[in-house]
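Taking it in order: structure first as structure tokens, then the write-up.
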Amino acid sequence: MKIAAILLVVLNAAMLFPATAGITPYLVIASVLAAISVLAFVITGENTEAPPHHEPTPVPVAEAVKPIPAAASQNQAQAEVVTLLGVFQEKGRLVDFLMEDITPHSDAEVGMVARAVHQGCQAALNEYFQIEPISPQGEGATISVPADYASDEFRLVGNLAGEAPFTGKVVHQGWKTASVKLPRVLKADRLPVIAPAQVEIQ
Numbered sequence: 045m046k047i048a049a050i051l052l053v054v055l056n057a058a059m060l061f062p063a064t065a066g067i068t069p070y071l072v073i074a075s076v077l078a079a080i081s082v083l084a085f086v087i088t089g090e091n092t093e094a095p096p097h098h099e100p101t102p103v104p105v106a107e108a109v110k111p112i113p114a115a116a117s118q119n120q121a122q123a124e125v126v127t128l129l130g131v132f133q134e135k136g137r138l139v140d141f142l143m144e145d146i147t148p149h150s151d152a153e154v155g156m157v158a159r160a161v162h163q164g165c166q167a168a169l170n171e172y173f174q175i176e177p178i179s180p181q182g183e184g185a186t187i188s189v190p191a192d193y194a195s196d197e198f199r200l201v202g203n204l205a206g207e208a209p210f211t212g213k214v215v216h217q218g219w220k221t222a223s224v225k226l227p228r229v230l231k232a233d234r235l236p237v238i239a240p241a242q243v244e245i246q
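With this note's numbering, the residue at position 143 of the sequence shown is 187, and numbering never jumps.
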């Protein structure tokens, strides 16, 4: 823009000298073009000069995600276990049954209570665990334990002689968990209660 404005002034001044009379038409054309350039700049507001250089604003680096302390993770796990115990208490009164001294009660009384506890706890167990038997055969059946058996799934008792595979009678078919769905605990700053104390206001 500055160059066009200076050129416009020079061309207009040149036309005032008699020596440039022979090229006046050319000076007029050049002057008109320079004037158009200046006018275009004024109208559009374009700036042909290079924009000032600015240093790029540094992008803040996100803080590294801090790992959950081992103590907090342990508190979370313990809180979930206690919450699950609370589910067994709510559905089957399991804690009440286990904490009660059943010595004064008869077998019939204990058996009647145990039936109700069994039904409620079984419902809670099926809700949060997928329980499957380890042995495909039930108790009393004869099975063969392969050589590559998992030591935590089979406990061999009796007369152990020779090498696997072993053949024996199922004393207990064992249990394993195919999936676990523990109740979630959002805040584990302290262990949750198993069951609140109930107080009847008189």
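Backbone N, C-alpha and C fix where the C-beta goes; we use that ideal spot for every residue, glycine too.
Straight-line Cα distance separating residue j from residue i
i, j, result
"A241", "V131", "15 Å"
"D151", "A158", "10 Å"
"L204", "T211", "10 Å"
"F198", "S117", "31 Å"
"V224", "A121", "13 Å"
"M143", "Q133", "11 Å"
"L230", "D140", "26 Å"
"V201", "E244", "54 Å"
"P148", "Q163", "24 Å"
"L169", "V161", "12 Å"
"Y186", "H216", "Looking at the sequence provided, one finds Thr at residue 186 rather than Tyr. Using only the alpha carbons, I get a separation of about 12 Å."
"G184", "E153", "31 Å"
Nearest-angstrom beta carbon gap, residue j and residue i [assumed within contact, 8 Å]
i, j, result
"P209", "A191", "6 Å"
"L226", "Y172", "6 Å"
"K135", "C165", "7 Å"
Secondary structure of residue i, DSSP reduced to three states
i, result
"E124", "helix"
"S195", "coil"
"K225", "coil"
"K220", "strand"
"S117", "helix"
"V251", "With the chain covering 45 to 246 only, the question about residue 251 has no answer from this structure."
"E176", "strand"
"V161", "helix"
Is it true that the region 120-127 meets the region 226-238, where meeting means three or more beta-carbon pairs spaced less than 8 Å apart? yes
Quick test of the definition: if touching needs 3 or more C-beta pairs under 8 Å, does the region 169-188 touch the region 212-221? In short, these stretches touch, since the Cβ pair count reaches three.
Which runs of the alpha helix (DSSP H) spanning at least 4 residues fall entirely within the region 129-158, listed in chain order? 138-143
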